[in-house]
Amino acid sequence: MGDPTTPPAPAAATPGELLLRGGGSTRRVRVVSDTVVEIDGRRVAVQVSPAGESEFVVTVGEARHAVHVAVDGERAWAAAAGESFEIEPAGRVPAHAAPVAGPASATSHGPASQTDAAGAGGAAGTRLSAPMPATVTAVLVGPGDEVSAGDPVVRLEAMKMELVVSAPRAGRIAAVHCRHGDLVQPGRPLVALEGPSSREPAP
Amino acid sequence: MGDPTTPPAPAAATPGELLLRGGGSTRRVRVVSDTVVEIDGRRVAVQVSPAGESEFVVTVGEARHAVHVAVDGERAWAAAAGESFEIEPAGRVPAHAAPVAGPASATSHGPASQTDAAGAGGAAGTRLSAPMPATVTAVLVGPGDEVSAGDPVVRLEAMKMELVVSAPRAGRIAAVHCRHGDLVQPGRPLVALEGPSSREPAP
Amino acid sequence: MFQRLLIANRGEIAVRIVRTCETLGIATVAVHSEADRNARHVVEADAAIAIGEAPASRSYLSIDRLIDAARAVGADAVHPGYGFLSENAAFAAACTDAGLTFVGPSAEVIARFGSKIEARRAAREAGVPTVPGVEPADQSPAGIVAAVRRTGVPALLKPSAGGGGKGMRIVREADDDAAVAAEAAAARREAEAAFGDGTLYVERRLERPRHVEVQVAGDGEGRVVHLGERDCSVQRRHQKVVEEAPAPDLTESTRERLTAAAVDLAEAARYDSVGTVEFLVEGAGDDARFYFLELNTRLQVEHPVTELVTGADLVAVQLRIAAGRRDWAPARREPRGHAIECRVCAEDPATDFRPQAGRILACREPAGPGVRVDSGVGPGSEVPVHYDPLLAKLAVWGETRDAARRRALSALRRYVVLGVRTNLSLLQRVLEHPRFARGAVGVGFVDEERAALVASGADESVLAAVAASAARALRQGPHSPPPGAPAVAAGAEVDPWVGLPDWRL
Amino acid sequence: MFQRLLIANRGEIAVRIVRTCETLGIATVAVHSEADRNARHVVEADAAIAIGEAPASRSYLSIDRLIDAARAVGADAVHPGYGFLSENAAFAAACTDAGLTFVGPSAEVIARFGSKIEARRAAREAGVPTVPGVEPADQSPAGIVAAVRRTGVPALLKPSAGGGGKGMRIVREADDDAAVAAEAAAARREAEAAFGDGTLYVERRLERPRHVEVQVAGDGEGRVVHLGERDCSVQRRHQKVVEEAPAPDLTESTRERLTAAAVDLAEAARYDSVGTVEFLVEGAGDDARFYFLELNTRLQVEHPVTELVTGADLVAVQLRIAAGRRDWAPARREPRGHAIECRVCAEDPATDFRPQAGRILACREPAGPGVRVDSGVGPGSEVPVHYDPLLAKLAVWGETRDAARRRALSALRRYVVLGVRTNLSLLQRVLEHPRFARGAVGVGFVDEERAALVASGADESVLAAVAASAARALRQGPHSPPPGAPAVAAGAEVDPWVGLPDWRL
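Protein chains in written order, with this note's numbering: chain A, 1326 to 1528; chain B, 1326 to 1528; chain C, 1022 to 1526; chain D, 1022 to 1526.
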């Protein structure tokens, strides 16, 4: 588990802990009971009343918020005070919720790469996967190619926009998992990168 | 089962038969398959495509309708072409869906009585029940009172409007089930009427 | 301007008042009965306070509880909305006594125009013609019967304290004393239930008049402006159901006489808020006659049509006047284009517009160019049995009356409310009706055309589509799988692209 | 007028065109790709026809398939919307050849203004100033590099065939040939993908200009009117995100010079539809300078703000001109009040506005006074990966700019889209930003203030409320029981009325 961009896995999934992703950051909130939640170690009293379909009115101290919630499997989406959040139980960090890695791209559209440690066995490699549903418009590397950090490896098009998936570090292309024209879904592996890592591999 | 205002019970609930209530009338439609329905003995080809949440686009010959559906237990509500319908399997005629009985009221707000055959045992009586959620503002009869068809028996108030429940036929008040101030729900019995019926009682 | 406004009302008007306060930076506090704990207006306001049990007499009509609530939340002003206590002088006075600004006219003005006798006297003094009528000093059945004889039939029995058509009864036979007394008793009960005052007023009923009203606003210092007129002739149970601005088929000279009469009356009264002068109009052309009906000292349900054609925000105007602001008058008042409002009510036109209660299972409100919906409900809302059945108002704007009419029809056709019966279909029949499409109709229109208006517009293909969809939804249970999920597509059109387009009507 | 209109587009603009057709009595036919089989515009139109696979090149950009579809359904006219083939002269010509009326200018006018060179020439001939720039005859990387050197940096590389900011790239270093060539290659690929034509135009980039455009309409016989201007300076990725009308902080004399220049150009071109003349404005006061940018020969995304202040229905104007009606000109054109539009997009501002795809689980669009939503989605809609991420447009009207701004904020706060990330929060940060609140901002505004605009507005109390609600909803599963159901109330406020009001903040 040596990829520098993968956040450390939580020690153990605490029941009642939720990750709230919104506005570019992810916060961890522990729901202690129906009327208490804990944020950054501070306990906050809440009062939740249902109101309409999938809607709640929540009183938190002096503030009062209308919250809309939609449940999608084990995840939920919610909106309150004009802000939206994706919510999931802590301890479950899917590929597409991990922070985006890699050096800033030189183009105006920023980095598009998405990396995670490859395989359940913890092989000392990095898998670059699709950050969103997209079409592969160019595969710029082949198996065995050496790449430097920042080198473009795959070009994607999504919603008329070009996204460049770049190598997050130097290494060698172990495998290419996509080809020109593929429609790829989020998390779908595009290429596997192996070779020297900038950090010690995990035991 | 001799109440003249109760529609004859269907011989047997035909699977796939639905009652559609809307615009003051109730129609019976048989859903033969996913692509065929039968109205008044005539078969009509339909093509149903889902579109959005609880919404369908249905093609019927040259016409095409967006249909919104909401399911509520064994009943459903649906809207299409600006019209709304309450839908339930045929063979199940709940009290509040039966046609309204009784002579037209002399007041401007029309008849408010709601009758159905009393009890599961088929006693030769008629139960007058609340047509909608309402507050009882006056009970105008007592047990043993003789009433004529059209006589007011209970006065209700709902949404600031006065509703008069009248006797659908002549008879004797067998029992009074409500009192002044009661908040009554639809179908809740108000009074039971017994005595000579204008039709032969059911065997 | 105010810091915190208590909204002493519920439903769509409470939500609508919240909207204006959001743009003015005024915090809002909703009040709610037990039946409205989860209601839309409670969710939309910045804060909410419970004020009592479901019956309005123990919540929305309780002056004491409302004043207590306003004090408890630290409100500096109270907006009464329409209905409930909005035209109750005692409530306005109680607010003032409690140090709260009542957003409406002074208690004196409310009291004067709340009395039909006083209102008619004021109109006559201002030179505005009135309909023959009387509030009998003897309010016994015999007194009402005698008054009907004096006024002549057809006559209207109306709550003296009321407005909005509630509790109104028509008497056509002056000689049937028992029938007149029965109607009077019923009218009195409804008046008491709705306004807490059973006093009746007896008025000569004009035959086939139009209901035209003028929106006025004044600052109590004699400055009065009008914002044009509205036609509200489409009524059921003496209550408006479709309204429009400007009034169709009024000649310019009649419009000028009418608005001038309204301004004269408001000026004479030193009217000090937003209000509406209602008239009945008989005849057409430049010699149309009009009669003062009443001056409603509150926001009107149908105020959005005036807002759509003038651009004024009438709630903002009310708040500015109440706050003593000099800049209260809307910048523009001349109408542009045409607006039509349809009241969407939980009622069943097929059973004489009987109000409906229940839970709204699904609710899709139309939107888009020229379409405004002021709604007090949403998916999952409960419609309680205790209050007015108005759910929402659809108000549309168009460059011409016919453009507005067609736009309203298009919006009504896609307006979905499931779970309670509504008048949505009837509203479409009204707007499609040739008499309405042609122009002005009289107040008897709905009664005269009832059969056509109550009819369903659904043909066999609609029934077939509804049955097929409902069968599928019932089989799937309360919640459909996502569209496009493979299981659902079975039997539906899944033709791949095969060169020639797949033509779906 | 037309009998049946094929709408050669998708999303909110296809729905919006349906709305106008409903008021004009024109039957509409939607087209759809495989990805859009259940899309909103397919549901809203009177009929729908499949035209191909998900990639736009094989459906919405396929002239042959669209013409085949129009013939198959018996359409007599085709509306192209914006984007896709709306500014493609070959499509307009193909419609005409097939006997269909193309709702837009003639192919000749489209071709002339579709060429940046021709458009600039036309502007110069009409006496309208232009920004220095060139379409290099040599379109090779070397040719583009040379053109950048000639024009000077900063320079913009733009698709000659395009519009709407798609495929635009900034070059700041004229000396880094490789970097310029790389940008040119990327711009060319995007241009080809979006417009089917990779030709690039190189233009000098003005520093901190405002984007102001004038809405014009003409009948091809030399009669041209303008409907005022719009300010569209709030842009991200060179695409507009917030627009308003009128443009703030323009002096009356600058506004007159600007609109006169637009009318001059359209008159000289014998312009024959609705169109928009875009300018960059530098400086303030009466001596502000403006430069012609382009003439968009189609309906603009942001046309609703013009509709809100003038009352005109621009789609109706397009249809009337296309149908050869003499009465095409809107009755009123002078602006009243102020309008602001916010584009609601499926994109993630936190990751450089990356477009998002997925299923919309819940969707609540705001409504009420002064609020208009033009939407292409609803609950359950799929947002495909293949097309523009615009979901809907919120357009609000207010008596003043600040009233409109506050109303837009209030509407955005209650706008709920769950299931895909959107820019709703960013739009609120834009409208709240002191620079935007003060008045006109330049086109660099979003980039300059990005950190503040991308920040979440959620404090700890919002996080706590969201976590508590989500926990409850996750426990209950995908569908909550009805509100007020006894099981739900456990732990929530259930205080009975006990004399003193139950104060809930």
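Ideal placement from N, C-alpha and C gives every residue a C-beta, glycine not left out. Predicted model, so just to flag it, every value in this text is computed and none were measured.
Beta carbon of residue i nearer than 9 Å to that of residue j
i         : j         : result
D:VAL1298 : D:ALA1309 : no
D:VAL1064 : B:ALA1459 : no
C:ASP1252 : D:GLU1420 : no
A:VAL1373 : A:VAL1361 : no
D:GLU1043 : C:ARG1427 : yes
D:LEU1433 : D:LEU1415 : yes
Backbone secondary structure at residue i - three-state DSSP
i         : result
B:PRO1436 : Bear in mind that a pLDDT of 36 at B:PRO1436, under 50, signals an unreliable position, so the number given afterwards is only what the model happens to contain. Coil at B:PRO1436, not helix or strand.
C:GLN1497 : helix
D:LYS1179 : strand
D:PHE1023 : coil
A:GLY1496 : strand
B:THR1460 : strand
A:ASP1397 : strand
D:ALA1029 : coil
C:CYS982  : Coverage of chain C is limited to positions 1022 through 1526, which leaves residue 982 of chain C absent and any answer about it impossible.
A:ALA1370 : strand
C:GLY1164 : helix
C:VAL1169 : helix
D:LEU1382 : coil
Residue i beta carbon near the ligand ZN (any heavy atom closer than 8 Å)
i         : result
A:ALA1395 : Looking at this structure, you won't find the ligand ZN or any other ligand, since it has none at all.
Residue of the options minimising C-alpha distance to residue i
i         : options                                    : result
C:LEU1382 : C:VAL1398, C:LEU1314, C:LEU1045            : C:VAL1398
C:VAL1441 : C:VAL1406, C:HIS1359, C:THR1049            : C:VAL1406
A:ALA1517 : A:ARG1389, A:ALA1492, A:LEU1481            : A:ALA1492
D:TYR1103 : D:LEU1082, D:MET1189, D:ARG1341, D:ALA1119 : D:LEU1082
C:PRO1230 : C:PHE1216, C:CYS1116, C:GLN1256            : C:GLN1256
C:ASP1307 : C:LEU1340, C:GLU1277, C:LEU1320            : C:GLU1277
D:SER1107 : D:PHE1300, D:ARG1427, D:THR1318, D:HIS1247 : D:THR1318
C:PRO1267 : C:GLN1260, C:SER1254, C:HIS1259            : C:SER1254
C:ARG1226 : C:ASP1240, C:MET1189, C:VAL1237            : C:MET1189
Where residue i meets chain D, residues with beta-carbon distance less than 8 Å
i         : result
B:ARG1389 : ASP1067, ALA1068, ALA1069
A:ALA1401 : ALA1491, ALA1494, LEU1495
Residue i to residue j span [Cα, whole Å]
i         : j         : result
B:MET1457 : C:ALA1075 : 16 Å
C:ARG1037 : D:ARG1354 : 29 Å
C:GLN1160 : C:GLY1296 : 29 Å
C:VAL1464 : C:ARG1471 : 13 Å
C:GLY1032 : C:ILE1191 : 29 Å
B:PRO1414 : C:LEU1484 : 15 Å
C:ALA1287 : C:GLY1249 : 14 Å
C:ALA1305 : A:ALA1388 : 57 Å
B:PRO1428 : B:PRO1477 : With a pLDDT of 32 at B:PRO1428, under the threshold of 50, the modelled position of that residue is not reliable, and the figure given next carries that caveat. So the two alpha carbons sit approximately 11 Å from each other.
D:GLU1315 : D:GLY1217 : 19 Å
Proximal residues of chain C, C-beta to C-beta of residue i below 9 Å
i         : result
D:ASP1334 : PRO1390, GLY1391, GLY1419, GLU1420, ALA1424
B:VAL1397 : The amino acid at residue 1397 of chain B is misidentified as Val; the sequence shows Asp. Per Cβ cutoff of 9 Å: ARG1380, LEU1382, LEU1439, GLY1440, PRO1499.
Under 7 Å from the C-beta of residue i: neighbouring residues of chain D
i         : result
B:PRO1375 : ASN1059
9 Å Cβ cut-off: residues of chain D touching residue i
i         : result
B:VAL1382 : ASN1059, VAL1063, VAL1064, ALA1069
Interface partners of residue i on chain B, CB under 8 Å
i         : result
C:GLY1478 : GLY1348, ALA1406, GLY1407, GLU1408
Contacts of residue i in chain B (Cβ-Cβ under 7 Å)
i         : result
D:PRO1400 : GLY1377, GLU1378
Chain A residues whose Cβ lies nearer than 9 Å to that of residue i
i         : result
D:THR1443 : SER1409
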